[in-house]
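Okay, so here's the structure we're looking at.
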Amino acid sequence: MLIIKIITLVLIIFIIKYIMTKKKDILKKKKQNISKNNNGKRILENKEILDIIFNIENYYYYNQQAFIELIKYLENFLEIIELINIDPQYSSSLYDNLKDLKKLIINTIISFEIRLPNEFNINDVIDDMTNILDKQLQDVYDIHEKYIKENGMNYKIKLIVPNMLDGYNVDDNLLEPKKKLLFNQI
1 MLIIKIITLV
11 LIIFIIKYIM
21 TKKKDILKKK
31 KQNISKNNNG
41 KRILENKEIL
51 DIIFNIENYY
61 YYNQQAFIEL
71 IKYLENFLEI
81 IELINIDPQY
91 SSSLYDNLKD
101 LKKLIINTII
111 SFEIRLPNEF
121 NINDVIDDMT
131 NILDKQLQDV
141 YDIHEKYIKE
151 NGMNYKIKLI
161 VPNMLDGYNV
171 DDNLLEPKKK
181 LLFNQI
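If you want it as structure tokens, here you go:
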């Protein structure tokens, strides 16, 4: 009886180790595909956005063009964030570009809904991505405020107003938690 328990334990450990190795290989392969196909170097460095991309990678098969555009917009968004971190002097002029890219990113995610089967619910993806992008925008605002405090105001710098409405192409009530967009049933 003891021998059977030991053999079972060894088998379980072997299976767990095998599964962990497979998961690491799959993650490595996914990262290589993103970087090779879409030039997503900055996305690979941002764990939160990378997790969302991996969660919605199946969307690629339903709307390839939108998925490629999403990667492109996210890469552009992160590139602007990187530029602002390098030289905060341009944060005020680039902030509006970031807000526009945020709208494009969210609208691109919403565009998946048209072709996805009914069992997919993208509202959680939209909420998660909105929270991540809003956090990035808040970081840019903080960088901008810090730059103004350190260097003072001049005629080249405009003030950033972070809480302005930046509506999407969808009603707010459609984005209620656990509520499914019904584009597929039209």
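For the sequence shown, counting from 1, position 124 maps to 124 in this note's numbering; every step adds exactly one.
Quick reminder that beta carbons are idealized off the backbone N, C-alpha and C, glycines included.
In this text, all values refer to a predicted model and were calculated from it rather than measured experimentally.
In the assembly as shown, Ile-114 is an exposed residue. Its beta-carbon has fewer than 16 other beta-carbons within 10 Å. Ile-110 has its alpha-carbon roughly 27 Å from the corresponding atom of Ile-160.
Apart from the 5 residues on each side of it in sequence, Glu-82 sits with its Cβ closer than 7 Å to the Cβ of Arg-42 in its chain, given in chain order.
The beta carbons of Ala-66 and Phe-120 sit no closer together than 8 Å.
Taking the C-beta atoms as reference points, Ile-16 is found no nearer than 8 Å to Asp-128.
The DSSP-derived three-state label of Tyr-141 is helix.
Comparing alpha-carbon positions, the option among Ile-126, Asp-139, Asn-58 and Gln-64 lying closest to Tyr-95 turns out to be Asp-139.
Per DSSP, Arg-115 lies in no alpha helix (DSSP H) segment and is marked neither H nor E.
Collapsing the DSSP output to three states places Met-129 in a helix. Taking Ser-91 as reference, the option from Thr-21, Phe-14, Ile-157 and Ile-4 with the minimal CA-CA separation is Ile-157. If you draw a straight line from the Cα of Ile-126 to the Cα of Phe-77, it comes to about 16 Å. If you check the CB distance, Ile-49 and Leu-70 do not come in under 8 Å. When Lys-102, Asp-25, Met-1 and Tyr-18 are compared, the shortest CA-CA separation from Asp-134 is found for Lys-102.
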